[in-house]
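Protein chains: 2
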Amino acid sequence: MKQISPSPRSVTMEDVARDAGVSRALVSLVMRDSPKVSPAKRTAVLESAAALGYSPNRLASRLASHRTNTLGVLFLDLHNSVFADIYDGITDGLAGSGNQVMVAVGSADPGTELEAVRSFVDLRVDGVLLAGYTGSSEELAGALRGTPAVVITRELEADGVDSVLTDDFRSGSLAVEHLYHLGHRRIAHVDISDWLPYTARREGYLHAMKQFGLEPQLVHSDMTERGGRAVMEQFLDSGATPPTAVFAHNDLTAVGIMEALASRGLSVPGDMAIVGCDNIEVGASPLIGLTSIDQHAGQLGRLAAQAILERVAGTAGPAVTRKLEPALMVRRSSDPSA
Amino acid sequence: MKQISPSPRSVTMEDVARDAGVSRALVSLVMRDSPKVSPAKRTAVLESAAALGYSPNRLASRLASHRTNTLGVLFLDLHNSVFADIYDGITDGLAGSGNQVMVAVGSADPGTELEAVRSFVDLRVDGVLLAGYTGSSEELAGALRGTPAVVITRELEADGVDSVLTDDFRSGSLAVEHLYHLGHRRIAHVDISDWLPYTARREGYLHAMKQFGLEPQLVHSDMTERGGRAVMEQFLDSGATPPTAVFAHNDLTAVGIMEALASRGLSVPGDMAIVGCDNIEVGASPLIGLTSIDQHAGQLGRLAAQAILERVAGTAGPAVTRKLEPALMVRRSSDPSA
DNA sequence: GTGAAAGCGCTAACAT
DNA sequence: ATGTTAGCGCTTTCAC
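Just so you know, the sequences run in chain order D and H. For the first sequence, position 282 matches number 281 in numbering that gives the first Met the number 0, and the numbering has no gaps at all. For the second sequence, position 145 matches number 144 in numbering that gives the first Met the number 0, and the numbering has no gaps at all.
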């Protein structure tokens, strides 16, 4: 004889089966709407389930079935709307595939990022998507333990990990070329922390500067609006000869730089031309008019979704890299006639 | 004799136990770093685990332990940075509690929202946080099936569901009062869709307009930048006498309105004063200078985290509502001297 | 179609 | 401090 459960144990399949007068297995079939259940029993089961307030325990079903139909998505930063664009692309690319998405936020903290990935893996997601992962390839591989993954906005060498990104090197040189042709010669780059693996934009910048025989000038910031603002204020206060143009690692930083200039009464692009990167919504606003390099965030998300679906489906093979061409979006911050 | 697993079955606790020469239970204890394991066995187990590439199956552990230490968080829209602010508040308020967070995005679609909540519940999260839920209280209660929850930015009547919000009615009247005292008499409100449950800002606006004996003027939009822009362009094209001031449902809409005015060569606040709501980062930027009503998003997140932790801890009791006072942030869009 | 029974990988008494 | 043994709630052969 079963004892009365001490804690209000939840309704199980067993309870539903008993109530409906069928076996547990039958309830299971109904729940996954299998075609091989008679209409009569089906409705009986569904009615009992509803009456008892049954809620299937997906932990149990996933454990037993070895399938989760869930993808984990890790984002670097919710404050940067480029990740919202990527998210939209992902859901778009996943539509109709019958997969769920679990989101986590890494906050550029290696510990947090890996913890999130491990958490995904421990919950046996079918695959992991990482947009803006900042850790090492080895750590990632270690955390993934064979779970298929695709990194977005970055190229990374690891087994079973595809990469989907825009050619950041090209973005960097594209920015410099644009500014050079506008007549600029003192072009600075507001970069990110040295330890971050996102170096291609800087390299593209350095490469192009060298090509044009120009002296590069690097300043480091932290990818945020506040950071961009602080670094430019500091620079202006330093008394150093300011550049005539700045290419910022991303749009958030670029907007911060524009704020600093505005607060010092400097005009854009008159006193300084600004080019950002990512082409996020706010920058594109006519109120800001920030020239930027579009990395096609939505498309990246869509391609990543497609890639992970193929990996999950077992289309194995070596790691694949998809690299898109960036697109220069000229606006007022670099060209007043735009 | 065990057959060779057909699919590359993952390494289990059993395997680790065998390899380390201990029992499965001991491995379990080590994994949850229990203090009652001898250092020798502990290291032996950890070494075996590492050697075998063991990854604990949290589906199984959660199923067996009836505990997930995970909270589900649902956001309305990743493109609105107010949700990033709320997210920060939540993680801040959860710090040190040993809880994980799973995020989902509802996209103002009742189906998607409820699906996400059901998914959380089916995975047996300990609690659910909803920031910007747009569905009905009944549907939510049905999906929650008793799982504790707290809704953020909204007040909702349901068992075991707390509410944490800012007084939106007050926000609406605050905006009108501010504009009235600046001398405005034709003050319009750009509202959201009629079917959405976020009506308090409009009601506050209507109430204040009535108090001042002014004629209210409502226009509907969709909470996005693009939507705000479209509605204002349309309005200007209609030839109707434009208001001298507009209170927008949120900052995204307000920014869109400002864009429309700029594109028509109208000045803000000269031709039209604008007040938004949410006090998001971009609006606060000196480049935009949008007057807004701060709803203390970070604080809302923190309070919600606290509330859900209490609920989860079993501090039962009736549903609690915490309502904050909004704060008017005056900037250039309403007051050029700001 | 439907039911019985053997797991899925782990936790939680309990015993030692 | 460590091992034994029931389950957790569901899926999945495999008979009927």
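The beta-carbon is built from N, C-alpha and C at its ideal position, and this holds for glycine as well. Only a predicted model underlies this, so the values are computations on that prediction, with no experimental measurement involved.
Closer than 8 Å by C-beta to residue i: which residues in its own chain qualify, once you throw out the five before and the five after it? Chain order, please.
i         : result
Ala-115/D : Gly-71, Leu-73, Ala-103, Val-104, Gly-105
Ser-4/D   : With a pLDDT of 30 at Ser-4/D, under the threshold of 50, the modelled position of this residue cannot be trusted; read the value that follows with caution. Contacts found: none.
Glu-324/H : Thr-165, Asp-166, Arg-169
Thr-240/D : Arg-185
Ser-333/D : His-177, Leu-178, Leu-181, Ala-244, Pro-268, Ala-272, Ile-273, Val-274, Thr-290
Val-319/H : Asp-161, Ser-162, Ala-306
Can the beta-carbon of residue i be found less than 8 Å from the beta-carbon of residue j?
i         : j         : result
Leu-251/H : Met-222/H : yes
Ser-27/H  : Leu-308/H : no
His-188/D : Gln-210/D : no
Ala-76/D  : Gly-131/D : It should be pointed out that residue 76/D corresponds to Asp in this sequence rather than to Ala. Yes, they are a contact pair.
Pro-196/D : Thr-133/D : yes
Val-120/D : Thr-90/D  : no
Asp-32/D  : Gly-300/D : no
Leu-58/H  : Arg-61/D  : yes
Asp-236/H : Val-218/H : no
Leu-129/H : Ala-107/H : no
Glu-232/H : Glu-280/D : no
Arg-117/D : Ala-142/D : yes
Could you pull out every residue in the same chain whose Cβ sits closer than 7 Å to the Cβ of residue i, ignoring the five residues on either side in sequence?
i         : result
Gly-52/H  : Val-10
Met-0/H   : Model confidence at Met-0/H stands at a pLDDT of 29, short of 50, so the residue's coordinates are unreliable; what they give is reported in the following sentence. If we look at Met-0/H and ignore the five residues flanking it on each side, it has no Cβ neighbours.
Arg-200/D : Asp-167, Ser-170, Gly-171, His-248, Cys-276
Leu-173/D : Ile-292, Pro-325, Leu-327
Glu-13/H  : Arg-23
Glu-137/D : none
Glu-202/D : Phe-168, Gly-171
Glu-340/H : Lying before the first or after the last residue shown, residue 340/H is absent from chain H, which here runs from 0 to 337.
Let me check understanding here. Comparing Cα to Cα, which of the options lies closest to residue i?
i         : options                                    : result
Val-274/H : Leu-77/H, Ala-326/H, Arg-17/H, Leu-143/H   : Ala-326/H
Val-175/H : Ser-291/H, Ser-37/H, Glu-46/H, Ser-27/H    : Ser-291/H
Gly-282/H : Gly-255/H, Leu-302/H, Gly-297/H            : Gly-255/H
Ala-94/H  : His-248/H, Asp-277/H, Asn-68/H             : Asn-68/H
Ile-85/H  : Lys-322/H, Pro-335/H, Gly-313/H, Ala-304/H : Ala-304/H
Arg-123/H : Ala-107/H, Thr-111/H, Arg-144/H            : Arg-144/H
Val-311/D : Gly-159/D, Glu-202/D, Gly-141/D            : Gly-159/D
Pro-317/D : Asp-32/D, Ser-162/D, Ala-83/D              : Ser-162/D
Pro-242/D : Glu-214/D, Thr-320/D, Asp-87/D, His-219/D  : Glu-214/D
Val-127/D : Ala-50/D, Met-101/D, Ser-136/D             : Met-101/D
Ala-49/D  : Val-29/D, Arg-61/D, His-65/D               : Val-29/D
Asp-18/D  : Asp-125/D, Arg-330/D, Glu-46/D             : Glu-46/D
Arg-41/H  : Asn-56/H, Leu-25/H, Ser-54/H, Pro-55/H     : Leu-25/H
Asn-278/D : Pro-109/D, Met-208/D, Leu-139/D, Phe-82/D  : Phe-82/D
Ala-43/H  : Ala-63/H, Gly-20/H, His-65/H               : Gly-20/H
Phe-246/H : Glu-232/H, Leu-265/H, Tyr-204/H            : Tyr-204/H
Pro-55/D  : Ala-39/D, Val-15/D, Gly-212/D              : Val-15/D
His-65/D  : Asp-125/D, Pro-109/D, Gly-238/D, Ser-37/D  : Asp-125/D
Could you pull the start and end residues of the beta strand (DSSP E) that residue i belongs to?
i         : result
Ser-162/D : 160 to 165
Thr-69/H  : 69 to 74
Met-328/H : 326 to 328
Met-101/D : 99 to 104
His-219/D : 216 to 219
Leu-129/H : 126 to 130
Val-274/D : 272 to 274
For the alpha helix (DSSP H) that contains residue i, what are its first and last residues?
i         : result
Phe-246/D : From DSSP, Phe-246/D is part of no alpha helix (DSSP H) but of the beta strand (DSSP E) over 244 to 247.
Met-12/D  : 12 to 19
Leu-360/D : The requested residue 360/D does not occur in the structure, where chain D is confined to residues 0 to 337.
Ile-151/D : Looking at the DSSP string, Ile-151/D is not in any alpha helix (DSSP H); the run it does join, the beta strand (DSSP E), is 148 to 151.
Ile-186/D : Here Ile-186/D belongs to no alpha helix (DSSP H); instead the beta strand (DSSP E) covers 186 to 190.
Leu-51/H  : 38 to 51
Ala-63/D  : 57 to 64
Asp-91/D  : 81 to 93
Asp-250/D : 250 to 262
Ile-279/H : Element bounds for Ile-279/H: n/a, residue is neither H nor E.
Ile-307/H : 296 to 311
Please return the same chain residues whose Cβ sits closer than 6 Å to the Cβ of residue i, not counting the five positions on each side in sequence.
i         : result
Cys-177/D : Here residue 177/D is His; the residue named in the question, Cys, does not match the sequence. Cβ neighbours of His-177/D beyond the five flanking positions: Leu-327.
Ser-336/D : none
Asn-353/H : Residue 353/H falls outside the range modelled here, since chain H spans only 0 to 337, and no answer is possible.
Leu-302/H : Val-163, Arg-321
Asn-79/H  : Leu-251
Ala-296/H : Val-81, Asp-84, Ile-85
Assess contact between the stretch 221 to 240 of chain H and the stretch 257 to 267 of chain H, defined as three or more Cβ pairs (one per stretch) separated by less than 8 Å. Is contact present? In short, these stretches touch, since the Cβ pair count reaches three.
Does the stretch 152 to 165 of chain H touch the stretch 282 to 289 of chain H, meaning 3 or more C-beta pairs lie closer than 8 Å? Taking a cut-off of 8 Å on C-beta distances, the stretch 282 to 289 of chain H does not touch the stretch 152 to 165 of chain H, as fewer than three cross pairs fall below it.
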